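Here's the structure, in structure tokens; my notes come after.
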């Protein structure tokens, strides 16, 4: 589970709401004190939320960036319908493009974390890269998750929406603790459970299905990169989702090299926020559209 180190927003950060065709999406935003260099939009992963990026808000804002993170449709504080088809990759990508269209400081760089990377690439392909300045895949992959994750995803897909999310969380938490997971505080421990059970079960079922079956679209993205659209791959060396080989191969296809956030796992923005901010600032600050 992507676990934020703390929950308090920095001083200049504020909650925001994005109006979309499918309904409002809840987010957070922080603006720099001086002239902004552009906007970075974080798209959270499968069981994550905007809070996964709370620790990089200030480090990036202090470097001159407007930073936005939002809960995807049916995720935590962004409500959604009781209908699995409402959470297709295309629908979630449309949400992202609407969020980008609402933003008032260009250029807009999109960073998709894990499942959020699949959504972000879908959005980039849908607009031929024209609605965003760049795409960064953060601990994401070329398509469906590796075989080591398929049994768990398949069981979750089969269980939802009939099994209560509270029951699912209890099972997941026990397994994660057995694997060494420990929340950094009692407040974060309570938040993790609250966030999980606040998800729409139909949304979680749909996303599990996407992670099981979505095709590899690396070559389509590579075509965008070949035509000048900046695409980057960033990962933690201890990532336990998609393999480092998968992520390096994607970067090679895009004509670039994968960048590493030292000492990070699958959630660099939470694991190593200062190092993540440094990598993203250097990467996006040198983007042709910066």
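Residue numbers (our numbering): 148 to 437. Note that beta-carbon positions come from the ideal geometry of N, C-alpha and C, so glycine has one too. Everything numeric in this text was worked out from a predicted model, so none of it was measured.
For residue i, tell me which candidate among the options has the shortest Cα-Cα distance.
i: residue 433; options: 238, 254, 359 and 399; result: 254
i: residue 407; options: 385, 401 and 399; result: 385
i: residue 233; options: 354, 414 and 401; result: 354
i: residue 278; options: 345, 403 and 251; result: 251
i: residue 183; options: 425, 423, 299 and 211; result: 211
i: residue 290; options: 373, 262, 258 and 309; result: 262
i: residue 180; options: 208, 333, 429 and 300; result: 208
i: residue 91; options: 410, 379 and 414; result: Lying outside 148 to 437, the shown extent of the chain, residue 91 is not represented and no answer is given.
i: residue 402; options: 223, 423, 425 and 374; result: 374
i: residue 147; options: 294, 309, 197 and 345; result: Given that the chain is displayed from residue 148 to residue 437, the structure contains no residue 147 and the question cannot be resolved.
Please state whether DSSP places residue i in a helix, a strand or coil.
i: residue 165; result: strand
i: residue 234; result: helix
i: residue 302; result: helix
i: residue 365; result: helix
i: residue 291; result: coil
i: residue 332; result: coil
Between which residues of its own chain and residue i is the CB-CB distance below 8 angstroms, once the five residues before and five after are set aside?
i: residue 239; result: 219, 220, 266 and 269
i: residue 323; result: 148
Kindly list the residues whose CB is nearer than 6 angstroms to the CB of residue i, restricted to its own chain and excluding five residues on each side of it in sequence; keep chain order.
i: residue 331; result: 152
i: residue 288; result: 389 and 393
Is the Cβ-Cβ distance between residue i and residue j less than 8 angstroms?
i: residue 242; j: residue 172; result: yes
i: residue 274; j: residue 244; result: yes
i: residue 193; j: residue 216; result: no
i: residue 338; j: residue 316; result: no
Using the C-alpha atoms, what's the distance from residue j back to residue i?
i: residue 188; j: residue 320; result: 29 angstroms
i: residue 391; j: residue 405; result: 9 angstroms
i: residue 204; j: residue 214; result: 6 angstroms
i: residue 276; j: residue 417; result: 28 angstroms
i: residue 365; j: residue 191; result: 20 angstroms
i: residue 256; j: residue 297; result: 31 angstroms
i: residue 424; j: residue 258; result: 12 angstroms
i: residue 271; j: residue 377; result: 11 angstroms
i: residue 175; j: residue 161; result: 6 angstroms
Got a sec: is the Cβ-Cβ distance from residue i to anything in chain C below 8 angstroms?
i: residue 349; result: Considering every chain present, this structure includes no chain C. It has just one protein chain.
Is residue i near the ligand FMN, with its Cβ less than 7 angstroms from a heavy atom?
i: residue 190; result: Of the ligands one can find in the structure shown there are none, so the ligand FMN has no counterpart to examine.
Between which residues of its own chain and residue i is the CB-CB distance below 7 angstroms, once the five residues before and five after are set aside?
i: residue 357; result: 236 and 265
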